[in-house]
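For the record, the sequence lines run as chains Y and F. Using our numbering, the letters of the first sequence map in sequence onto residues 668 to 1222. Using our numbering, the letters of the second sequence map in sequence onto residues 714 to 1023.
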Amino acid sequence: MYRSDLEKVHPALPGLAEGLARGRVGRRDFLRTATLLGLSAPVAYGVVGRITGTGMLPAAHAQGQRGGVLRCSMNIKDCADPAIYDWSEKGNIGRQVIEPLVMLGSDNIARPWLAEGWEASEDLKTWTFRLRRGVRWNNGDDFIADDVIANFTRWLDPATGSSNYGRFASLRGPEDGDPMLDNAVEKIDDHTVRFNLRVPDLTLPENLTDYPALIVHRRFAEDGANFVENPVGTGPFLLREFAIGETAVYEKRDPAEYWGDEVFLDGIRYIDHGDDPAASLAALASGQVDLLFRLFSIDQVPAVEGLPAMRLYQTVTAQTGVARMKVTEPPFDNPALRRAIQACMDRPVLLELGNQGYGEPAEDHHVAPIHPEYAVLPPLEQDYERAGALLAEAGYPDGLDLSIDCVAQPRWEPTTCQVIAEMLRPAGINLAVNIMPGGTYWDRWLTAPFGFTSWAHRPLGVTVLNLAYRTGVPWNETSYANPEFDRLLDQANGTLDVEARREIVAELERTLQNDAIIVQPFWRSVFTAGSDKVEGFQIHPAEEHHYYRTWLRQA
Amino acid sequence: MVIFLLKRFGFMLLTMFAVSVILFLVLEINVDTLASRVLGQFTTEEQRRLWLEEHGYLRPIWVRYGEWIGDMLRGDFGWSTRFNEPVAEILWPRLVNTAILGVCVFAVMVPLSLVSGILAGMREGSATDRSITFVSVLTTSVPEFASAVLLSSVFVFALGWLPGTSGMTDGWDWRQMVLPVMVLTLYGFGYVARMMRASMAEVMQSPYIRTAVLKGLPYRRVILRHALRNALIAPFTVIILQINWLLSGVIVVEFFFSYKGYGALLLEASLNTDIDVIQACALIAVVVAVGTQTLADIGYTYLNPRIRFT
Chain Y
668 MYRSDLEKVH PALPGLAEGL ARGRVGRRDF LRTATLLGLS APVAYGVVGR
718 ITGTGMLPAA HAQGQRGGVL RCSMNIKDCA DPAIYDWSEK GNIGRQVIEP
768 LVMLGSDNIA RPWLAEGWEA SEDLKTWTFR LRRGVRWNNG DDFIADDVIA
818 NFTRWLDPAT GSSNYGRFAS LRGPEDGDPM LDNAVEKIDD HTVRFNLRVP
868 DLTLPENLTD YPALIVHRRF AEDGANFVEN PVGTGPFLLR EFAIGETAVY
918 EKRDPAEYWG DEVFLDGIRY IDHGDDPAAS LAALASGQVD LLFRLFSIDQ
968 VPAVEGLPAM RLYQTVTAQT GVARMKVTEP PFDNPALRRA IQACMDRPVL
1018 LELGNQGYGE PAEDHHVAPI HPEYAVLPPL EQDYERAGAL LAEAGYPDGL
1068 DLSIDCVAQP RWEPTTCQVI AEMLRPAGIN LAVNIMPGGT YWDRWLTAPF
1118 GFTSWAHRPL GVTVLNLAYR TGVPWNETSY ANPEFDRLLD QANGTLDVEA
1168 RREIVAELER TLQNDAIIVQ PFWRSVFTAG SDKVEGFQIH PAEEHHYYRT
1218 WLRQA
Chain F
714 MVIFLLKRFG FMLLTMFAVS VILFLVLEIN VDTLASRVLG QFTTEEQRRL
764 WLEEHGYLRP IWVRYGEWIG DMLRGDFGWS TRFNEPVAEI LWPRLVNTAI
814 LGVCVFAVMV PLSLVSGILA GMREGSATDR SITFVSVLTT SVPEFASAVL
864 LSSVFVFALG WLPGTSGMTD GWDWRQMVLP VMVLTLYGFG YVARMMRASM
914 AEVMQSPYIR TAVLKGLPYR RVILRHALRN ALIAPFTVII LQINWLLSGV
964 IVVEFFFSYK GYGALLLEAS LNTDIDVIQA CALIAVVVAV GTQTLADIGY
1014 TYLNPRIRFT
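Here it is in structure tokens:
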């Protein structure tokens, strides 16, 4: 592909390719940004190969065997409304039937899916998405622009309560509670949609990969807004049975009806083994399931390694947990106290004790080293002298008593809280760890003064910053409100050049560190395990289950 | 006898009433949590208040209690927030599953423990007695959560003989029942066997047994005709009361083996603050506890004329 061809796709691409050639832009950065700007993933891989001589096309799809039902152990929660999905498990229940416009591969790179491609204007405020033709809903309707518009209209209605309300803030008014802008999503023709953004946003395609952005049928709301009772979708499987806490059963859809390649599996069956991690492992060991959603704790890794005919899957992610302080709640409205708490942390030790060393230390700003725009800041060091001075400044020269809320499972979360408590003790801060069962903590994760919240993997650093730290968005659990931070974030969202963006992100990282709203101990690796009968499955950094190429080896 | 029955029955109702009041107060006093649970995490306080008002949660507590207990008595257990279904739809099948598990456990445990208890009690201090006592003390002192892990690591992970979970997702499978029944039997067996042994030993020392032996009756006949009938009275109560123990035991065992029963339901509901389900499960537990107690009292009175009330 020549320079002029690249320019046709997006004016910024030639410069990006040059950056790649000179080594200013990393291979991953290039792939990510190029695919975001509308270059298809295979072409982007090809460009990388030509420029740097290290082509890395994903391995050609191995020919699989048809047939068999894949059985997977996973919690089955209420999955009625995809717009308000808030767990990866819910996303996996949905995504076998309903599909996203843009798909995030297990290599953390976005690919066109129901959208065939897209172009962005130079100022990144107008995006034109071309929808794939020949996609049929399993009720017989054609997939058209109206479907996309209906989804966006629902997501951006504050009454829906969708986290997409924060994700696509550039399509609505700036204030919390503002409705979608009038011509934000414009139908050009049946297979073309144009997005007119209020502010530039680079992350639009990436945001379309997240689990609440699975596309439902245009009449979803009128037909009862219940996906499990009325599972209309474009995907390769049909939902046949669904019972919360028990099972979800899928059957392969007639391949002639499905737009993509024929899938190998005859069906999928999710089985809920409850909240005891030992149960799902026992089910795997005795061949009752072929795959686990997740190994809930690292302690299970040796157990899996000891089993015959098993495969262990692992990948480093941007999954993390944050001990976040609510800046509107005393005593956490006192920045000196928050900084004192941060100063007590020894991050490598936190990683070692909290997650047995599987992952990378984090730096209290929620941008991961695997994110393209990650900027390296000076490492944070444990400093009790500084902590003492800050405590005195905060008005607690003799220390104080605090308590942190956290979930009981997965275990690394309470363990990490306990390590944090131990590290605070020498400074005179007594931290009580209040361990709550899962359901209870999630009732109050937005209101607890001090709580430990786990965050899922997001492909771009700015995505989480938009979701959790922008003023007034629904998932802003710290109640952080900093106009300067919001302004910088808008700027980062509109900056295409990876290096220019990294500079802004460095500023964002410094701002977050300085405002000291979270203690973020580490980035985690995720694990799962499956029988070696399962072929063509890849662990996904966001724990998404894509069974398009998965097949079962039959004896 | 009639007065006794009425008394027991009245006492039973009083206990249930007291427990239901406590239950209601504990679970429903904090209505805010309930609202956020039902409406989701992103709702405003105003939305929650409106919902509470609409669903009558802002009325005086005794009015709500009266309504609630009325619904319960009519078999309307409310709505499960976790399963998004009426509680009754989930609860009854789960109770049936637990009843099946319970019947299996009793079918194995009762004969096993009675026979061992009798064998041990027949000759106090013999080698048989000592080994049976040793085994029953050992199994009773290992809690279910430990024996479940132990048995599953042996039979599932090491030997691979038995399925690791008992969800019955592909229909009924007796192999999936083995481990849960084994764990519960191990725990209950020792206690019943020890009671049987004590009762048997006591009877064996009573004068009429000595008389029977001395007058030359065959030993077999002494045991079956004379000793057993009297020795079985005390263990009968214990066995009935084991149903109560079983109710707590199934919580651990069903959760561990993901058997879809009442115990797992109660635990899941508690973990997810599914208030209506917790209330219904707790009420069932009270009914079973008080009911078995009454049954044991009546049965004991019937079997043992010495304490029969008039």
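Quick reminder that beta carbons are idealized off the backbone N, C-alpha and C, glycines included.
For chain Y, check one thing: does any of its Cβ atoms lie closer than 8 Å to the Cβ of residue i?
i: F/A833; result: no
i: F/P893; result: no
i: F/K973; result: yes
i: F/T1023; result: Reliability fails at F/T1023, whose pLDDT of 47 lies under 50, so the model's placement of it is uncertain and no value is given.
i: F/N957; result: no
i: F/T846; result: no
i: F/L875; result: yes
i: F/E741; result: no
i: F/I782; result: no
i: F/T882; result: yes
i: F/V896; result: no
Are residue i and residue j closer than 8 Å when you measure CB to CB?
i: Y/H1212; j: F/G880; result: no
i: Y/G801; j: Y/W926; result: yes
i: Y/A817; j: Y/H858; result: no
i: Y/R1201; j: Y/L1219; result: The displayed chain sequence assigns Val, not Arg, to residue 1201 of chain Y. In this structure, Y/L1219 lies closer than 8 Å to Y/V1201 by Cβ.
i: Y/T984; j: Y/W1190; result: yes
i: Y/G1197; j: Y/D957; result: yes
i: F/V894; j: F/V818; result: yes
i: F/F737; j: F/D989; result: no
i: Y/C1084; j: Y/Q1049; result: no
i: F/V891; j: F/L872; result: no
i: F/T794; j: Y/D1110; result: no
Our contact map puts residue i next to residue j with C-beta atoms below 8 Å; I'd like the distance itself, whole angstroms only.
i: Y/D1031; j: Y/L864; result: The pair is not a contact, with the Cβ atoms about 30 Å apart (cut-off 8 Å).
i: Y/T700; j: Y/V1165; result: 6 Å
i: F/G769; j: F/R777; result: 7 Å
In this structure, how does DSSP classify residue i when only helix, strand and coil are distinguished?
i: F/M714; result: coil
i: Y/A1035; result: coil
i: Y/Q986; result: strand
i: Y/D808; result: coil
i: Y/R978; result: strand
i: Y/M723; result: Reliability fails at Y/M723, whose pLDDT of 43 lies under 50, so the model's placement of it is uncertain and the value that follows must be treated cautiously. Coil, per DSSP.
i: Y/D1153; result: helix
i: Y/T820; result: helix
i: F/V850; result: helix
i: Y/V769; result: strand
i: Y/A1196; result: strand
i: Y/P779; result: strand
i: Y/L693; result: It should be noted that the sequence gives Gly, not Leu, for residue 693 of chain Y. Coil at Y/G693, not helix or strand.
i: Y/P903; result: coil
i: Y/L1219; result: strand
i: F/P799; result: strand
Distance cutoff 8 Å, beta carbons only. Does residue i sit that close to anything in chain F?
i: Y/Q955; result: yes
i: Y/G912; result: yes
i: Y/I743; result: no
i: Y/G941; result: yes
i: Y/D1110; result: yes
i: Y/T721; result: Here Y/T721 scores only 47 on pLDDT, less than 50, and its place in the model should not be relied on; the value that follows carries that caveat. No, no contact with chain F.
i: Y/I938; result: yes
i: Y/P944; result: no
Below 7 Å, is the gap between the Cβ of residue i and the nearest heavy atom of the ligand MG?
i: F/F847; result: Of the ligands one can find in the structure shown there are none, so the ligand MG has no counterpart to examine.
What residues from chain A crowd round residue i, counting only those whose CB sits closer than 8 Å?
i: Y/A747; result: Protein chains Y and F are contained in the structure displayed, whereas chain A is not.
Notebook entry, point to check: Counting pairs of Cβ atoms below 8 Å between the region 1050-1070 of chain Y and the region 936-952 of chain Y, do you hit three or more?
Noted result: no
Margin query: Could you check whether the region 941-959 of chain F touches the region 818-835 of chain F, counting it as contact only if at least three pairs of C-beta atoms, one from each stretch, sit closer than 8 Å?
Written below: yes
Next item on the list: Determine, using beta-carbon pairs with one atom in the region 1159-1179 of chain Y and one in the region 727-747 of chain Y, whether at least three such pairs fall under 8 Å.
Entry: no
Next item on the list: Could you tell me whether the region 1114-1129 of chain Y touches the region 1071-1090 of chain Y, where touching means 3 or more Cβ pairs closer than 8 Å?
Entry: yes
Margin query: Three or more C-beta pairs under 8 Å: does that hold for the region 882-894 of chain Y against the region 784-803 of chain Y?
Written below: no
Next item on the list: Pair every Cβ in the region 1153-1164 of chain Y with every Cβ in the region 1121-1132 of chain Y, then say whether three or more of these pairs are closer than 8 Å.
Entry: yes
Next item on the list: Would you check if there are 3 or more beta carbon pairs closer than 8 Å linking the region 1080-1100 of chain Y to the region 827-846 of chain Y?
Entry: no
Notebook entry, point to check: Do the region 1009-1020 of chain F and the region 797-809 of chain F meet, that is, are 3 or more Cβ pairs less than 8 Å apart?
Noted result: no
Check: Three or more C-beta pairs closer than 8 Å, one from the region 743-754 of chain Y and one from the region 908-915 of chain Y: is that the case here?
Finding: yes
Item checked: Contact between the region 959-971 of chain Y and the region 762-769 of chain Y (3+ Cβ pairs under 8 Å) -> no
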